[in-house]
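J.: I have a structure here, written as C-alpha cells, and I will follow up with some questions on it.
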Amino acid sequence: MAQIVLFHSALGLNDGMHRIAGVFSEAGHTVHMPDFYDGNVFDNVPDGIAYRDEIGFPALAQRASGAIDELGLEGPIYFGGFSLGAAMAQSFGKRHPQAAGAFLCHAGGVPKPTSWNGDCWLQMHYTEGDEWVDAQQAETLIESARAAGAQASAHVYPGSAHLFGDPTAPEYSPELAQKMWNTILAAIR
Numbered sequence: 001m002a003q004i005v006l007f008h009s010a011l012g013l014n015d016g017m018h019r020i021a022g023v024f025s026e027a028g029h030t031v032h033m034p035d036f037y038d039g040n041v042f043d044n045v046p047d048g049i050a051y052r053d054e055i056g057f058p059a060l061a062q063r064a065s066g067a068i069d070e071l072g073l074e075g076p077i078y079f080g081g082f083s084l085g086a087a088m089a090q091s092f093g094k095r096h097p098q099a100a101g102a103f104l105c106h107a108g109g110v111p112k113p114t115s116w117n118g119d120c121w122l123q124m125h126y127t128e129g130d131e132w133v134d135a136q137q138a139e140t141l142i143e144s145a146r147a148a149g150a151q152a153s154a155h156v157y158p159g160s161a162h163l164f165g166d167p168t169a170p171e172y173s174p175e176l177a178q179k180m181w182n183t184i185l186a187a188i189r
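Read in UniProt numbering, the sequence shown has 11 at position 11, and its numbers run on one by one without any break.
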C-alpha cells in the first residue's frame, strides 16, 4: 500500500518506535525508520535532548536526509514524526516532491508563515497542555499549509502528556494513541 517514513523522538529508535511502526505495517503499509541517532537509545527525554545538543540538530537533519536519499522511495510518501522527529517530518512534508502527507505527533510548528507543499496534507497531534508544543506556532504552520492549498488540521487532545503515543513512555495513553492512529490511518491512501 503506502510508503511511510517514521522519525523517532529524542529517545531514539527504541522499542516504542518499533511498536508504533507495527500499527502502520499491520494496516498494510511499508514502514521505514531512519535512525538519525545512529543506534543510541535513551530511557528519558533529558538524556536524549543532551545527545541531540551534543551532535547538533543540523547534523541530525543531514543524517535523516541522507537516509531518505538512500532509500530511494517512489511516491507517494507519508512522513511521520514524533516529538524531535516531527521536525524531520515537517521538513520533508514541506519540501520533498513526493510527499503526500505529513503527520507531526507531539510537536511541530513555525514562528512565522512559511511555504508548504500544497500536495501534502498536514496533521498535527498534541495535548492541550503539552509544554513542548507552542499552540500558536502549530496554528501558524496549519495556516501556512492551508494557504498553499493543502488539507491541514490540528488534533488537540485533553491533558498535558507529551509522548502519549509511545507505548513505552510513562505518559502513554492507549485511548488517545488509538484516536491518533485512527485519524492518521484514515488519511493515508
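Note that the Cβ used here is the ideal one computed from N, Cα and C, for glycine as well.
For Thr-114, does the three-state DSSP call read helix, strand or coil?
T.: Coil.
J.: By how many angstroms is the C-alpha of Gly-56 removed from the C-alpha of Trp-181?
T.: Cα to Cα, the separation comes out at about 30 Å.
J.: When the distance is taken between beta carbons, is Leu-163 closer than 7 Å to Glu-171?
T.: Yes. Within cutoff.
J.: Determine the contact status of Tyr-78 and Ile-4, defining contact as a CB-CB distance below 7 Å.
T.: Result yes, Cβ atoms of Tyr-78 and Ile-4 sit closer than 7 Å.
J.: Could you say which of Ala-147, Phe-36, Pro-113, Asn-40 lies nearest to Ala-86 if we only look at CA atoms?
T.: Nearest option by C-alpha distance: Phe-36.
J.: Arg-77 by DSSP, collapsed to three states: which one?
T.: Correcting the residue identity first, residue 77 is Ile in this sequence and not Arg. Ile-77 falls in the strand class under three-state DSSP.
J.: Taking only three categories from DSSP, how would you classify Phe-57?
T.: Correct three-state label for Phe-57: helix.
J.: Do you know how far the Cα of Leu-13 is from the Cα of Ile-49?
T.: If I take the Cα positions, the gap works out to 14 Å.
J.: Output needed for Glu-128: all residues of its chain with C-beta closer than 6 Å, excluding positions within five of it in sequence on either side, in chain order.
T.: Closer than 6 Å at Cβ, skipping near neighbours: Val-156.
J.: Quick one: residues in its chain with C-beta nearer than 6 Å to the C-beta of Glu-74, no 5 flanking neighbours on either side, listed in chain order?
T.: There are no such residues.
J.: Would a C-beta distance cut-off of 7 Å place Gly-118 and Gly-81 closer than the cut-off?
T.: The answer is no: Cβ separation not under 7 Å.
J.: Could one say the Cβ of Trp-121 lies closer than 7 Å to chain B's Cβ atoms, at least one of them?
T.: Although the question refers to chain B, the structure presented lacks it and comprises just one protein chain.
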